[in-house]
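In our numbering, the protein residues as written are 8 to 472.
See the structure below:
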């Protein structure tokens, strides 16, 4: 386009004089417009969101340069923001604005669902503060178990798996870390290296995920993982997890998956950074507070809206369980070894949802029920999920799960012993998720769960058949 403008300018709008091209004002305007078009095409070549982040980054870099010229340091800016109350005011404004997620199209407006929604927003804010404000030193990262329904003050989001203990630590991708682990007896233990931050430029990208196998564990049940930008000399590559240096922010996600939680011992995890100055105590800085509040703003402003949109989209296939898009899952930190079947359920008081599946060869599978906001229901006191190791099976090995508030009480023993009843906990609608974890089959032959809505009064006959 740019060269076409040049040619048209030369022959239609310009005059040559003594070997010099003379341009009219209209030709100059054409050149400017052409240049702007090319610049915009380059800026947004990867999409609207990355383009907007580039604009924001350029603006921030320009501001930093201007402040440097004026002799204003970065610490001066953070101190001014904290002392003036600007950091706190922006945080409070973001909390208030996050309430828009509860009015997203498709979101339920009844009192019960809205009450759960505001509790959910408060939980997400608490998760952000615990992650970002209480663990700001990347040279002394803390292993946090934030999303956990067994905590005294539970936090849930994103269809959190009741069979998982989710742990994370925030790192600098340029540094090297040693993660010391006592394996325990959980069915699956995995470590994922992710680049970025939720809401940051490029989002949260999975770099590599490593499932811990028996050959990685010493005879005493312990092992050490090396995490950093380069694999140290002499380090076995199976014990190394890479990081990216751009962006510098990174996250290590730890998933511990239990078969029978009450009978298994969780892994014990500690971490040290090679570059840490162990003789120098950490001192809180205004920068830490300001950045923690800003990161929490991104989390509480982004996660609820994203999951509200997901829940709305799931309504297109209500009471069914289609396969979820794997790339979408991976881009928000999902496990690339899990195949998710996310959906929405909506039942009348006299209806039940029957879910059936033929298990494939896999390390693990489970099904769970959530509220509309994609929080797992309270599994401390209710049966809201089932997995490979606690499930009842039909004689042919198939799985049958029934979502109902009122299971039939007059089923024969052989039928009852082959059905898994899960409770909606007084909810009449919400979201749900079925997972195949580390399936040993190709996606094109992956079994998909089937569903059917049955009247409660007909449930005995439907299950007996």
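The C-beta atom is built at its ideal place from N, Cα and C for all residues, glycine as well.
| query | result |
| --- | --- |
| Going along the chain, which residues of its own chain have a beta-carbon closer than 8 Å to the beta-carbon of residue 462, five neighbours each way excluded? | 357, 358 and 359 |
| Helix, strand or coil for residue 319, going by three-state DSSP, please let me know. | helix |
| Just the C-alpha distance for residue 390 and residue 376, rounded to the nearest angstrom, thanks. | 9 Å |
| For residue 181, which of 168, 236, 145 and 157 has the nearest alpha-carbon? | 236 |
| Checking the sheet assignment: what are the DSSP bridge partners for residue 439? | 350 and 376 |
| DSSP three-state call for residue 147: helix, strand or coil? | coil |
| Three or more C-beta pairs under 8 Å: does that hold for the segment 231-249 against the segment 145-154? | no |
| Nearest to residue 415 by alpha carbon, out of 468, 103 and 229? | 468 |
| Helix, strand or coil for residue 190, going by three-state DSSP, please let me know. | coil |
| Since residue 113 is in the beta strand (DSSP E), which residue starts that stretch and which ends it? | Premise fails: residue 113 is in no beta strand (DSSP E) and is neither H nor E. |
| Once DSSP output is grouped into helix, strand and coil, what is the label at residue 456? | coil |
| Note down, in chain order, each residue of its chain lying with its Cβ closer than 7 Å to the Cβ of residue 289, except the 5 sequence neighbours on either side. | 144 and 147 |
| When the Cα of residue 116 is compared with those of 244, 436, 68 and 270, which residue comes out closest? | 436 |
| For the putative contact between residue 371 and residue 194, defined by C-beta atoms under 8 Å, what is the C-beta separation to the nearest angstrom? | 6 Å |
| So, with DSSP's three-state summary, where would you put residue 359? | strand |
| Since I believe residue 111 is in contact with residue 401 (beta carbons under 8 Å), could you give me their beta-carbon distance rounded to a whole number of angstroms? | In fact, because the Cβ distance is near 40 Å, the residues do not count as touching under 8 Å. |
| Answer with buried or exposed for residue 8, where buried requires no fewer than 16 other C-beta atoms within 10 angstroms of its C-beta. | Unreliable placement is indicated for residue 8, whose pLDDT of 49 sits below 50; no coordinate value is reported for it. |
| Going by DSSP, which residues form a beta bridge with residue 213? | 201 |
| Given a cut-off of 8 Å on the beta-carbon distance, is the pair residue 184 and residue 334 in contact? | no |
| I think residue 3 touches residue 339, with their Cβ atoms under 8 Å apart; what is that distance to the nearest whole Å? | Past the boundaries of the shown model lies residue 3; the chain is included only from 8 to 472, so the question cannot be answered. |
| Would residue 7 pass as a contact of residue 348 if the rule is Cβ separation under 8 Å? | Because the chain here runs from 8 to 472, residue 7 falls outside it and cannot be looked at. |
| Report the rounded CA-to-CA distance for residue 83 versus residue 312, giving the unit in angstroms. | 34 Å |
| Looking at the strands, I want to know which residues DSSP matches up with residue 155. | 162 |
| What does the alpha-carbon distance come out to for the pair residue 252 and residue 429? | 45 Å |
| So, residue 380 versus residue 137, is the Cβ gap smaller than 8 Å? | no |
| Compute the beta-carbon to beta-carbon distance between residue 369 and residue 445, rounded to the nearest angstrom, for a pair I have assumed lies under 8 Å. | 6 Å |
| Excluding the 5 residues flanking residue 466 on each side, which residues of the same chain have their C-beta closer than 6 Å to its C-beta? | 359 and 415 |
| Tell me which residues share the same chain as residue 149 and place their Cβ nearer than 6 Å to its Cβ, disregarding the 5 neighbours each side in the sequence. | 142 |
| Alpha carbons only, please: which of 443, 139 and 65 is nearest the one belonging to residue 175? | 139 |
| Work out the CA separation of residue 452 and residue 409 for me, nearest whole Å. | 25 Å |
| For the alpha helix (DSSP H) that contains residue 91, what are its first and last residues? | 81-91 |
| Tell me the rounded alpha-carbon separation between residue 310 and residue 162. | 13 Å |
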